[in-house]
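Notes follow once the structure below has been shown.
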Amino acid sequence: MTTSTHGGLKELESRMRELVLLLDGAQANVTTLERAWNACAEHAPELAEAARGAASAAGEERANLRLQLERLVQLNEAARQTVAREQSAIVTSLERVRGARAKLEHLEEAPVTGDSCDVSA
């Protein structure tokens, strides 16, 4: 594995950590998340190079590559779990809103009588 590939994987790991933190944080907006995702995607060539180089790597180099790739897999899984939790929360909120809307549609409006009502008491 070349030094640039090793450095690229380290950089990808750093960018993925940032992405996971953003996904888990309340301040993240679409633009920030998109920027973080694109920063990860920029390192796809290094990841592909590492995967190709894994077959020919030996000894300590192979062990280091394996550890680095395992960390990336763990970070990817953390990101996937965070997205799945957020998706589940959104689905739950939508179901709650739809249920409330359905209840409101079944309620009739109060009849208009023309009489006044003092509610100050």
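According to this note's numbering, the sequence shown is numbered sequentially starting from 15.
All C-beta atoms, glycine included, are put in the ideal place defined by N, C-alpha and C.
Quick one: what's got a C-beta closer than 8 Å to residue i's C-beta in the same chain, skipping five residues either side?
| i | result |
| --- | --- |
| D38 | T96 |
| R85 | E27 |
| A92 | V34 |
Report, in whole angstroms, the separation of the C-beta atoms of residue i and residue j, which I expect to be a contact under 8 Å.
| i | j | result |
| --- | --- | --- |
| L81 | A64 | Their Cβ separation, rounded to whole angstroms, is 12 Å, which puts L81 and A64 out of contact at 8 Å. |
Once you ignore the five residues that flank residue i on each side, which residues in its own chain have a CB closer than 7 Å to its CB?
| i | result |
| --- | --- |
| E60 | T19, G22, L23, L26 |
| L36 | A42, T46, L47, A50 |
| L83 | A64 |
Let me know the secondary structure DSSP gives residue i once reduced to three states.
| i | result |
| --- | --- |
| C54 | helix |
| L121 | coil |
Alpha helix (DSSP H) segments (min. 4 residues) lying fully within the region 57-101: Listed in chain order, the alpha helix (DSSP H) runs fully inside the region 57-101 are 58-68, counting runs of at least 4 residues.
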